[in-house]
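Q:
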Amino acid sequence: MATYSIFGGGPGGLYSAWRLLTGGTLTQDDKVYIYEWGNYDYEANGQGDRTPAGRICSYHYKKDPNQAYIEVGGMRFIQWNPTDASGHQLVSLTIDKLSLNGEPLNTKIINFKTTDNPLFYLRGQHFYSQDLGTTVNGQEVLAPYNTPGNNAKSADYLMANISNLITEGNPVKTRVEQCKFYQNGTLSARFDNGSYVYSSGDNTGDIGYWNIFYDQAGNEGFQYAADAGGYSSNVINWNAANAAVYNGEFAPGGAFKTLSTGYSSLFVALYQACKQAALDNKISFKVNKNTRLHSIWHDNAYPQKTRFMLSTSASPDKAIPAQYGTDYAFLAMSPNAIELVARATRYQTLTDNQADFLNATNVQNYLQSVIEQPSYKIAMFFKTPWWQDSEVTYNPKLINGNSSDNVYGPTITDLPLRQVYYFGNNATGKVKEKDKVYGLLTSYDDMRFTKFWEELEVAANTRRTTPLSQNYQPLHGAAEAPFEMMRMLKLQLAKVHYNDPNKASAIPDPVETVFMNWGLNPFGAGYHAWAAHYDICDVMQKIRTPGRMAGVENSNVFIIGSAFSNDQAWVEGAFCTAESVLTEFFNILTIAENTTQYPFICGCH
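Those letters in the sequence shown? Residues -9 to 595, per my numbering, in order.
1) What residue does the beta strand (DSSP E) around K276 start on, and which one ends it?
2) Can you tell me whether R113 is buried or exposed? The criterion is at least 16 other CB atoms within 10 Å of its CB, across all chains shown.
3) Helix, strand or coil for R538? Go by DSSP, reduced to three states.
4) Could you tell me which whole alpha helix (DSSP H) segments of length 4 or greater appear in the region 219 to 264?
5) Apply the 10 Å Cβ neighbour rule to N546 and answer buried if 16 or more other Cβ atoms are within range, or exposed otherwise.
6) Only counting the same chain, and skipping five residues up and downstream in sequence, which positions put a Cβ closer than 7 Å to that of V81?
7) If I measure Cβ to Cβ from T15 and keep anything under 7 Å in the same chain, skipping five residues before and after, which residues do I get?
8) Using the C-alpha atoms, what's the distance from A58 back to F421?
9) Pull up the distance between the alpha-carbon of D54 and that of D528, whole angstroms please.
10) List the whole-angstrom C-beta distance separating I368 from T432, where the pair is believed to meet the contact cut-off of C-beta under 8 Å.
11) In the DSSP assignment, find the beta strand (DSSP E) that holds H466 and state where it starts and stops.
12) Can you pull the DSSP bridge partners for D395?
13) Based on DSSP bridge pairs, tell me the residues matched to V504.
14) Quick one: Cα of G514 to Cα of L256, how far?
15) I think M539 touches N352, with their Cβ atoms under 8 Å apart; what is that distance to the nearest whole Å?
16) Quick one: measure Cβ to Cβ for I100 and S250, integer angstroms, because I've assumed they're closer than 8 Å.
17) Three or more C-beta pairs closer than 8 Å, one from the region 459 to 476 and one from the region 340 to 349: is that the case here?
18) If we count Cβ pairs, one from each stretch, closer than 8 Å, do we get three or more for the region 580 to 590 versus the region 160 to 175?
19) Excluding the 5 residues preceding and the 5 following N160 in the sequence, name in chain order all residues of the same chain whose CB lies nearer than 7 Å to its CB.
20) Could you check whether the region 185 to 197 touches the region 126 to 146, counting it as contact only if at least three pairs of C-beta atoms, one from each stretch, sit closer than 8 Å?
21) In its own chain, which residues sit with a C-beta less than 6 Å from the C-beta of A234, not counting the 5 before and 5 after it?
22) Taking only three categories from DSSP, how would you classify F513?
23) To the nearest angstrom, report how far apart T335 and T316 are at their CA atoms.
24) Here's a check: name, in chain order, each residue in its chain whose Cβ is nearer than 6 Å to the Cβ of Y428, leaving out the five neighbours to either side.
25) Take the Cβ of H487 as the centre, count every other Cβ of all protein chains shown within 10 Å, and call the residue buried at 16 or more, exposed below.
26) For the beta strand (DSSP E) holding E61, just list the boundary residues, first then last.
27) Pull the bridge partners of L300 from the DSSP assignment, please.
28) Could you tell me which uninterrupted beta strand (DSSP E) segments, each at least 3 residues in length, are contained entirely in the region 1 to 47, listed from first to last along the chain?
29) Nearest-angstrom Cα distance between A312 and H518?
30) Take the Cβ of H523 as the centre, count every other Cβ of all protein chains shown within 10 Å, and call the residue buried at 16 or more, exposed below.
31) I389: which of G211, G28 and V397 sits nearest, CA to CA?
32) Kindly give me the distance between the Cβ atoms of A319 and F117, rounded to whole angstroms, as I take these residues to be in contact under 8 Å.
33) Tell me, please, which residues DSSP counts as bridged to W376.
34) Mind checking whether N349 and A327 have CB atoms under 8 Å apart?
35) Beta-carbon within less than 6 Å of Q463's beta-carbon, same chain only, minus the 5 sequence neighbours each way: which residues are those?
36) Per DSSP, which residues does N193 bridge with? Please list them.
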């Protein structure tokens, strides 16, 4: 009889539980326990603070599952293509195995398309992507950046050129090739005469992306990419090798998928599958909600050498005065959440039998190998899709090829809104005509303007009563926006769509406005990026077993999650790190179709 303790009931934690319960290696009377700090509505019956799970959160208008929804967390996945081994294999196969393209949850896979002609509002100028380099009303349309040769095209071309310079001479088409490049890729001979800073043979993984971008395109080129790319996180000073590969995923017209009832439906289904598998196989399974991992360490004095303490969501910093043991521990948590756990034992004096593995120097070094990237989302619901009205000066062109079906945007601006996505009326339940609402992801921002919106979380003439470090808003779900936040959104929408802030009153007041601040505890970030000067492949391999890194032989503590993966910011990353642990350390047969061309994490070469 063995106990498997999973700390974190988000994507990685739920996936691990499902695979353990269905993998065929557990026996009757084994126990699989999930400890989740939040109070997610896994049953989809309204008995929880928010939809599951982790950094995925589908918010339905007024929390009515029949109504229109907006993704206030992760939104989409890339459909697996077995022909060329592209896309998200594990997410796609999991959805298939759970029969989510139809029954039992009355959901289906739908397109999540992006427009191939996005609207931009940058440096006070409006333009559509396809107009760049053409003549409109007698004037050539150029992006308002002093970067000749680049501003007549979409910024994606500039980013692609930089990526090609970084990867030149290194094949990076396949996942296997990309992993080799992350570890051993070097700059080509072109840099000997084309760079003042870098030389041929320099290891790309030891170069900051912003550094090399500035070196090759100057400040105006970098600012154009930073503003027009939509994601500030994509152009920070992260690992240039990884950045060069990653930045090809968000080109205009990109084809993604989601679930018709919201991405959270996947995790409701995973939870239900866990319950059924536990029942079928006579394995004990339980989710302990409102329960946080307070501290964890190794102690040779006990048969179950992995020891831990818990705390409640009501008092997360204070440990419950009881010590527990487990045979296997999965830390399905963000780096920030792991850091909160590590602090509890950092200054304690342990005995010779004990090991504070999370605070070992080499473990801490690798835990800090990723950059935390805060993100912010604000959703609004209106009685009409006013952005489609003919009176609007600059309508979004929600077209992909010749189709307007399931095209969500974005519109991109250098205002604090950053990106706007038009969800519209996507309700799948029976909603009366008079009750229909239309969703607008009004602000999708990362890093640059999160503090702009954070100060609007508290209404004017109101003092803070809770320190930000103890504000766990994303755990509890989308929060109601104050009046001032709503007005600030309308003010900027008026500038983007009317070119006139005085037109804010022409935009109808929303019937609901909610926000998610993913930079708050315990998540600490919306997503993560690999830092420069780390061997990504070595980190991926070793950080999974922090106890063993710290010298504890055969430690059975495992770190999983998207942060230390090949697919940061995607659910696929969480699934892949979990699958790598389960197949390698627990001998569970994989559900993957192709592991030769699609390694779950990078190997070391």
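Built from N, CA and C at the ideal position, the CB exists for glycine as well.
Since the structure is predicted, the reported quantities are computational estimates derived from the model, not experimental observations.
A: According to the structure shown:
1) S274 to N278
2) exposed
3) helix
4) 230 to 236
5) buried
6) F67, V561, E562 and F565
7) These residues qualify, in order along the chain: F576, N577 and I578.
8) According to the sequence as given, residue 421 is Val; it is not Phe. In a straight line, the C-alpha of V421 is about 9 Å away from that of A58.
9) 45 Å
10) About 5 Å separates the two Cβ atoms, so the contact holds.
11) Judged by DSSP secondary structure, H466 falls outside any beta strand (DSSP E) and instead within the alpha helix (DSSP H) spanning Q463 to H466.
12) Bridge partners of D395: none, in fact.
13) A369 and E470
14) 23 Å
15) That pair is a contact at about 6 Å.
16) About 5 Å; that satisfies the 8 Å criterion.
17) no
18) yes
19) F171 and G175
20) no
21) So the qualifying residues of the chain are S153, I156 and T157.
22) coil
23) 18 Å
24) F372, P375, G414 and N415
25) buried
26) Y59 to E61
27) L300 pairs with L283.
28) 21 to 25
29) 34 Å
30) By the neighbour-count criterion, in which a residue is buried when 16 or more other Cβ atoms sit within 10 angstroms of its Cβ, H523 is exposed.
31) Residue V397 is the option with its Cα nearest to I389.
32) Contact doesn't hold; Cβ gap of about 53 Å is too wide.
33) In DSSP, W376 forms no bridge with anything.
34) no
35) Within the same chain, and ignoring the five residues on either side of Q463 in sequence, the residues whose Cβ sits closer than 6 Å to its Cβ are A469, N507 and L510.
36) T176
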